[in-house]
Amino acid sequence: MAAQRELYDAIVIGAGIQGCFTAYHLAKHSKKVLLLEQFFLPHSRGSSHGQSRIIRRAYPEDFYTQMMAECYSMWAQLEHEAGTQLYRQTGLLLLGMKENPELKIIQATLSRQGVEHQCLSSEELKQRFPNIRLARGEVGLLEVSGGVLYADKALRALQDAIRQLGGIVHDGEKVVEIKPGLPVTVKTTSRSYQAKSLIITAGPWTNRLLRPLGAELPLQTLRINVCYWQEKVPGSYSVSQAFPCFMGLGLSLAPHHIYGLPSREYPGLMKVCYHHGNNADPEERCPAAFSDIRDVHILSGFVRDHLPDLQPEPAVMEHCMYTNTPDGHFVLDRHPKYDNIVIGAGFSGHGFKLSPVVGKILYELSMKLTPSYDLTPFRISRFPSLGKAHL
Numbered sequence: 001m002a003a004q005r006e007l008y009d010a011i012v013i014g015a016g017i018q019g020c021f022t023a024y025h026l027a028k029h030s031k032k033v034l035l036l037e038q039f040f041l042p043h044s045r046g047s048s049h050g051q052s053r054i055i056r057r058a059y060p061e062d063f064y065t066q067m068m069a070e071c072y073s074m075w076a077q078l079e080h081e082a083g084t085q086l087y088r089q090t091g092l093l094l095l096g097m098k099e100n101p102e103l104k105i106i107q108a109t110l111s112r113q114g115v116e117h118q119c120l121s122s123e124e125l126k127q128r129f130p131n132i133r134l135a136r137g138e139v140g141l142l143e144v145s146g147g148v149l150y151a152d153k154a155l156r157a158l159q160d161a162i163r164q165l166g167g168i169v170h171d172g173e174k175v176v177e178i179k180p181g182l183p184v185t186v187k188t189t190s191r192s193y194q195a196k197s198l199i200i201t202a203g204p205w206t207n208r209l210l211r212p213l214g215a216e217l218p219l220q221t222l223r224i225n226v227c228y229w230q231e232k233v234p235g236s237y238s239v240s241q242a243f244p245c246f247m248g249l250g251l252s253l254a255p256h257h258i259y260g261l262p263s264r265e266y267p268g269l270m271k272v273c274y275h276h277g278n279n280a281d282p283e284e285r286c287p288a289a290f291s292d293i294r295d296v297h298i299l300s301g302f303v304r305d306h307l308p309d310l311q312p313e314p315a316v317m318e319h320c321m322y323t324n325t326p327d328g329h330f331v332l333d334r335h336p337k338y339d340n341i342v343i344g345a346g347f348s349g350h351g352f353k354l355s356p357v358v359g360k361i362l363y364e365l366s367m368k369l370t371p372s373y374d375l376t377p378f379r380i381s382r383f384p385s386l387g388k389a390h391l
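All the letters of the sequence shown, read from the start, carry residue numbers 1 to 391 under full-length UniProt numbering.
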């Protein structure tokens, strides 16, 4: 008689930051959890690698700002457990025209939510940050608690914590088949597993897993060029000189959503990126990632116009994957047909900082608990173009 197959409380597919925090919450609640990753860890094929991400509460939407309050606490808790620094407070400087509608909405949200911030005039910006050059009428909104998350360190800390809590992490195992049911069966390139519930946090590979299950989300996969620019005077834009993270919101000489982080990860190099990219196939192992560098030309113009103490050509270029939804909001929901299959997807280039709460929500959905937050903005049903034929 064959031995009975081991039954997990939950299997999580995808060991990026969202999958890791989901598995972490499951293991914290003494659930028997298996975290599967198709690539060998660590890897740079997805959306969670690299050394740094911005953390902020500055959002137009109240619900993200509210979620971030708990995220800050959870990041601090993980720091304490790991015994290593994962967050560096630098402040986040939002830059835009004085009458910019988004800037006004964000300021109103921060005020409503009681988040400490300062409004800086053009003159005040010039005094505090003389190495930022702005046009007349451009102002700043400084969120004091904004800063940098150390992404690689956070992933390692989470994976270590999952194992210490009794969770199992299997890397180098690609999922080749999911058989829905109770239990759900997950077949990988190595073997098959069974669990009471399944959570899919597979980033750009989400629809590849969902299509055989009769679902497809309106996700667009982009490859982003991540650029680092050399300081003309070493340290002039560094963390040690109290230079903040920044985001541009419709400056007169620049497009929307150029952002930057103070120099630290590469000595003497500042990270300045454009929050847009090119359509990409995540399966391309050696993509022509930098063949379309229109965004790099845009960034060069921004650096030349606004950051005069940087060389206007990138010294280092890396890349990262975004998986975007049409409205820029996440998908945090159960599969429409199989209620023990949970989906976390479409983090649209701003999910890393929110991953502690995302993981908590996905844990709650997988265990059929009442979610801690209103999930209306994150439901699959908000996409009217998805008829029943897709689901």
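Glycine is no exception: its CB is placed at the ideal position from the N, C-alpha and C atoms. These numbers were taken from a predicted model, which means no experiment stands behind them.
| Item | Value |
| --- | --- |
| Helix, strand or coil: how does DSSP classify P60 here? | coil |
| Contact check, R56 vs K353 under 8 angstroms by CB: the rounded distance? | 7 angstroms |
| For Y8 and A195, I'd like the C-alpha separation in whole angstroms. | 4 angstroms |
| Going by the C-beta, is Y87 closer than 6 angstroms to any heavy atom of the ligand MN? | The ligand content of the structure shown is nil, which means the ligand MN is not present either. |
| Let's test the definition: count the other Cβ atoms within 10 Å of the Cβ of N279 and tell me whether it reaches 16, buried, or not, exposed. | exposed |
| Below 8 angstroms on the Cβ atoms is my guess for K360 versus S348; work out the distance and round it to an integer in Å. | About 19 angstroms; that fails the 8 angstroms criterion. |
| Compute the distance between the beta-carbons of V33 and G203, then report whether it is under 7 angstroms. | no |
| CB-CB under 8 angstroms to Q192, same chain, minus the five flanking residues each way: which ones, in chain order? | For clarity, residue 192 is Ser in the given sequence; the question names Gln instead. Hits under 8 angstroms: R5, T185, V186. |
| On the DSSP letters alone, give me the boundaries of the alpha helix (DSSP H) that V303 sits inside. | 294-306 |
| In angstroms, rounded to a whole number, what distance separates the CA positions of I132 and Q241? | 14 angstroms |
| Look at L222 and G277 and say whether their C-beta atoms are less than 7 angstroms apart. | yes |
| To the nearest whole angstrom, what separates the beta carbons of G344 and T22, a pair I think is in contact under 8 angstroms? | 7 angstroms |
| Suppose the cutoff is 8 angstroms on Cβ atoms and the five residues either side in sequence are ignored; what does the same chain contact list for D62 look like? | T109, R112, Q113 |
| Using 8 angstroms as the Cβ pair cut-off and three pairs as the minimum, do the segment 79-99 and the segment 246-253 touch? | yes |
| Does the distance from the CB of I224 to the CB of Y322 come in under 7 angstroms? | yes |
| To the nearest angstrom, how far is it from the Cα of K153 to the Cα of E81? | 13 angstroms |
| In this structure, does DSSP put V357 in helix, strand or coil? | helix |
| Would the segment 329-343 and the segment 377-384 be scored as touching if the rule is three or more Cβ pairs under 8 angstroms? | yes |
| Whose C-alpha, out of K104, S238, D281, A15, is nearest the C-alpha of V148? | S238 |
| Go ahead and label Q118 buried or exposed: buried means 16 or more other beta carbons lie within 10 angstroms of its beta carbon, across all protein chains shown. | exposed |
| In angstroms, rounded to a whole number, what distance separates the CA positions of Q230 and V272? | 11 angstroms |
| I need the straight-line Cα distance from P384 to E138, nearest angstrom please. | 38 angstroms |
| From which residue to which residue does the alpha helix (DSSP H) around R334 run? | Taken as a continuous stretch (DSSP letters only), R334 belongs to no alpha helix (DSSP H), being part of the beta strand (DSSP E) at 331-334. |
| For I298 and L219, I'd like the C-alpha separation in whole angstroms. | 25 angstroms |
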